[in-house]
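**Q** Chains as they are written, first to last, in this note's numbering: chain A, 1257 to 1437; chain B, 1257 to 1437. Backbone N, C-alpha and C define an ideal beta-carbon position, used for all residues, glycine too.
2 protein chains.
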Amino acid sequence: MQREDEQQLEIAERQSQLIVPPLNFAMIAPGIYRSGFPNPKSHPFLLQLRLRTIIYVYDGDCQDYHMQFIERNGINHKHFRIAANKEPFEEMDHALVAEILAEVLDTRNHPLLIHCNRGIRRVGCLVGCIRKLQAWAMTAIFDEYQRFSGTKIRISDQEFIEVFKTPVHLDAQHKPQWLAD
Amino acid sequence: MQREDEQQLEIAERQSQLIVPPLNFAMIAPGIYRSGFPNPKSHPFLLQLRLRTIIYVYDGDCQDYHMQFIERNGINHKHFRIAANKEPFEEMDHALVAEILAEVLDTRNHPLLIHCNRGIRRVGCLVGCIRKLQAWAMTAIFDEYQRFSGTKIRISDQEFIEVFKTPVHLDAQHKPQWLAD
């Protein structure tokens, strides 16, 4: 017999209503998630995350259905129009990346989702920069980048992460506890 | 001039002392991390996570240096001796997997790290089962599994995740808030 304070999780029952996370969804650190562009099927999943903020990094417009979802649910939306790295001459704007990082690392915006379109390149570079701020070894940073890019690694992205050193201005009262001094 | 309540994060300064996460480290959900076997270089990183519990899933002994680290830091250690799936006949023990999941999904153990040796197969299967409890679509579950296995996908692992349906007994007072009813 089941104890009163015990709950039995039945997979068959739970899977009767499937939940679809956005492409390349993952948790980066407490309060911060990453993904590709959410399609309508992933909206119930996003609601479960109780997001306060969604940050979109892409140099094009945001889809209407997604903007409507965001407004309907009172989520704070920030759109940074930033181009991806492109060999041999074009590079993500370092100052703009530092500005985006300051938003991502402000706990007043958490829980937060940062996404681009496929959740690989722009977001991969931003996550790489967060890992540098956490002082991760480059081996681990590149390994995480490649986990999402698979065989589509871009040397220009890895190079960007490696050379990025623009200071990031954080509000000392609202920086994440896990970002050690 | 820098405002008093503002902090400037200088990457060059922060990277003077590199931090090495364990192999295949990632955050699964609030309070739960996954990885391969931590080597001594990754101990400072583990301390930053302020872990309450480390769960080791492997059918062999734990390394002495790691047990010493765990005892020295007052971390709760649980070792489940479980063999990996192996075509065509050997399969992870379903009842034992349900027992491990109940520990992983008990917030009294959080923050928690679950690890095997390479952080790919045993942990990949356990994470897959957690995703089933979250009602994730199999597409997303397999995609996450493959992010860590790369080209070393094991059909036996994916099959295990797909067929697993043993009920998991949780303490209703201490289950994660993100595990929706």
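Would you decide whether Thr-1363(B) is buried or exposed? Buried here means 16 or more other CB atoms lie within 10 Å of its CB.
**A** Counting from 1 along the second sequence, the entry for residue 1363(B) is found at position 107. Burial call: buried.
**Q** Buried or exposed for Val-1419(A), going by 16 or more other Cβ atoms inside 10 Å?
**A** Residue numbering aside, residue 1419(A) sits at position 163 when the first sequence is read from its first letter. So Val-1419(A) counts as exposed.
**Q** Do you know offhand how far Cys-1385(B)'s Cα is from Ile-1417(B)'s?
**A** Here residue 1385(B) refers to the residue found at position 129 of the second sequence. Here residue 1417(B) refers to the residue found at position 161 of the second sequence. Each residue's Cα considered, the two are about 6 angstroms apart.
**Q** Measuring only the C-alpha atoms, how far is Cys-1381(A) from Gln-1414(A)?
**A** By 1-based counting over the first sequence, the position of residue 1381(A) is 125. By 1-based counting over the first sequence, the position of residue 1414(A) is 158. Going by the C-alpha atoms only, they are around 8 angstroms apart.
**Q** Any beta carbon of chain A sitting closer than 9 angstroms to that of Ile-1284(B)?
**A** Counted from its first residue, the second sequence places residue 1284(B) at position 28. Yes - at least one Cβ of chain A is within 9 angstroms of the one on Ile-1284(B).
**Q** For the stretch 1357 to 1390 of chain B, which residues have a beta carbon sitting closer than 7 angstroms to at least one beta carbon of chain A?
**A** Lys-1388, Leu-1389, Gln-1390
**Q** Three Cβ pairs or more, each shorter than 8 angstroms: is that satisfied between the stretch 1386 to 1400 of chain B and the stretch 1330 to 1342 of chain B?
**A** no
**Q** Whose Cβ in chain B lies nearer than 8 angstroms to the Cβ of Ile-1275(A)?
**A** To locate residue 1275(A), count along the first sequence from 1; it is residue 19. Ordered by position in chain B, the residues that pass the 8 angstroms Cβ test against Ile-1275(A) are Gln-1390, Ala-1391, Trp-1392, Ala-1393.
**Q** Is Glu-1269(B) helix, strand or coil when you go by DSSP?
**A** Your numbering for residue 1269(B) matches position 13 in the second sequence. Helix, per DSSP.
**Q** Identify the residues that DSSP records as bridge partners of Thr-1309(B): which are they?
**A** Your numbering for residue 1309(B) matches position 53 in the second sequence. In the DSSP output, where bridge partners are listed per residue, Thr-1309(B) has Asn-1332(B), Leu-1368(B).
**Q** In the DSSP assignment, the beta strand (DSSP E) including Ala-1282(B) goes from what residue to what residue?
**A** Start at 1 with the first residue of the second sequence, and residue 1282(B) comes out as number 26. Residues 1282 to 1285.
**Q** To the nearest angstrom, report how far apart Tyr-1314(B) and Lys-1408(B) are at their CA atoms.
**A** The residue given as residue 1314(B) occupies position 58 in the second sequence. The residue given as residue 1408(B) occupies position 152 in the second sequence. Going from the Cα of Tyr-1314(B) to the Cα of Lys-1408(B) covers about 19 angstroms.
**Q** Could you tell me the distance, in whole angstroms, from the CA atom of Met-1348(B) to the CA atom of Cys-1318(B)?
**A** Stepping through the second sequence from its first residue, residue 1348(B) is reached at position 92. Stepping through the second sequence from its first residue, residue 1318(B) is reached at position 62. For Met-1348(B) and Cys-1318(B), the distance between alpha carbons rounds to 19 angstroms.
**Q** Count the CB pairs spanning the stretch 1261 to 1274 of chain A and the stretch 1267 to 1281 of chain B that are closer than 8 angstroms, and state whether there are at least three.
**A** no
**Q** For Pro-1277(B) and Met-1283(B), I'd like the C-alpha separation in whole angstroms.
**A** Numbered from 1 along the second sequence, position 21 holds the residue referred to as residue 1277(B). Numbered from 1 along the second sequence, position 27 holds the residue referred to as residue 1283(B). Rounded to whole angstroms, Pro-1277(B) to Met-1283(B) spans 12 angstroms at the Cα level.
**Q** Give the interface partners of Phe-1398(B) over in chain A, defined as CB-CB distance under 7 angstroms, in chain order.
**A** Within the second sequence, the letter at position 142 stands for residue 1398(B). Correct list: empty, because the minimum Cβ distance to chain A is about 12 angstroms.
**Q** Closer than 8 angstroms by C-beta to Gln-1402(A): which residues in its own chain qualify, once you throw out the five before and the five after it? Chain order, please.
**A** Working through the first sequence from its first residue, we reach residue 1402(A) at position 146. Hits under 8 angstroms: Ile-1409.
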